[in-house]
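Trainee: Mapping the sequence shown onto the numbering used here, position 201 (from 1) lands on 272, and the numbers just tick up by one.
Even glycine gets a Cβ: it sits at the ideal position worked out from N, Cα and C.
The structure under discussion is supplied below as structure tokens; questions concerning it will follow.
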Amino acid sequence: MKYQDAYEIQKECAAKVADGHPDTLLFCEHPTVLTLGRMTKKDSILWSSQELEKNKVQVLPIDRGGDVTLHTPGQLVVYSIFNLNYYGKNLHDYLRNLEQVGIALLDGFDIVANRHPEQTGVWIKHKKIMSIGIGVRKWVSYHGIGLNVNTDLDYFSMIRPCGLNVTMTSMAKIKGQPVSMDEVKEKFISVFSQIFELKII
72 MKYQDAYEIQ KECAAKVADG HPDTLLFCEH PTVLTLGRMT KKDSILWSSQ
122 ELEKNKVQVL PIDRGGDVTL HTPGQLVVYS IFNLNYYGKN LHDYLRNLEQ
172 VGIALLDGFD IVANRHPEQT GVWIKHKKIM SIGIGVRKWV SYHGIGLNVN
222 TDLDYFSMIR PCGLNVTMTS MAKIKGQPVS MDEVKEKFIS VFSQIFELKI
272 I
């Protein structure tokens, strides 16, 4: 799904959630696109505009926190559109819970993941496997997480992911073979419902 189309759906869902409709999870994979959060630094994009255009890579400023993020096929993107009024209006706890979802999901695939003491996201030792970037409007969250499942990691040479000098990894890289995206989605729903104490329908 094109990033812009997913963003329009997010806005529609966020308006409904703000009006009392149920919280919503959206699962997507996007064509290759760089999204620029509000804290993006000029030197976070390493390719020239000519290189990006030649490789048909879109660059889109967006209204979430954080720096530059890559979305590309093989990456599971989950947009969590939640009314945080029901979660104590606590952004810190919300982000930590999203991290815990990633850690628990990966554990289900026998991958040991962890938090970083200073950075948001989910890590495999010093390598990052899941990025998190959210926006909040009227205490309704939108945007969400990007988990590298079968992602072509070469694309990350375009950027400093999240503005950091970090190496990215993926589930497929760790397992040495492609991972079923459907299985990852099913596991995500299972662990998300447990950690957030929700019934997902």
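(1) Once you ignore the five residues that flank L269 on each side, which residues in its own chain have a CB closer than 8 Å to its CB?
(2) Which word fits T111, buried or exposed, when buried means at least 16 other C-beta atoms lie within 10 angstroms of its C-beta?
(3) Kindly indicate the opening and closing residues of the alpha helix (DSSP H) around F259.
(4) I'd like the list of long-range same chain contacts for I230, defined as Cβ closer than 7 Å, with 5 residues on each side in sequence excluded.
(5) Looking only at C-alpha atoms, which of N185, I203, K127 and I182 sits nearest to L162?
(6) Identify whether Q190 lies in helix, strand or coil by the three-state DSSP scheme.
(7) Would DSSP call I271 helix, strand or coil?
(8) Could you give the first and the last residue of the continuous beta strand (DSSP E) run that contains Q129?
(9) Note down the Cα distance separating N168 from I271, rounded to an integer number of angstroms.
Mentor: This is what the structure gives:
(1) The count along the sequence shown starts at 1 and reaches residue 269 at position 198. Excluding residues within five positions, the ones whose Cβ falls inside 8 Å are D94 and F263.
(2) Here residue 111 refers to the residue found at position 40 when the sequence shown is read from its first residue. So T111 ends up on the buried side.
(3) One-based indexing of the sequence shown puts residue 259 at position 188. Here the alpha helix (DSSP H) through F259 covers M252 to I266.
(4) By 1-based counting over the sequence shown, the position of residue 230 is 159. Contacts found: L105, S115, I116, L117, V139 and L141.
(5) Start at 1 with the first residue of the sequence shown, and residue 162 comes out as number 91. Measuring from the Cα of L162, the nearest candidate turns out to be I203.
(6) Taking the first residue of the sequence shown as 1, we reach residue 190 at position 119. It is coil, neither helix nor strand.
(7) Locating residue 271 in the sequence shown gives position 200, counting from the first residue. I271: coil per DSSP, three-state reduction.
(8) Indexing the sequence shown from 1 puts residue 129 at position 58. That run of the beta strand (DSSP E) goes Q129 to P132.
(9) The residue labelled residue 168 in the question sits at position 97 within the sequence shown. The residue labelled residue 271 in the question sits at position 200 within the sequence shown. Cα to Cα, the separation comes out at about 16 Å.
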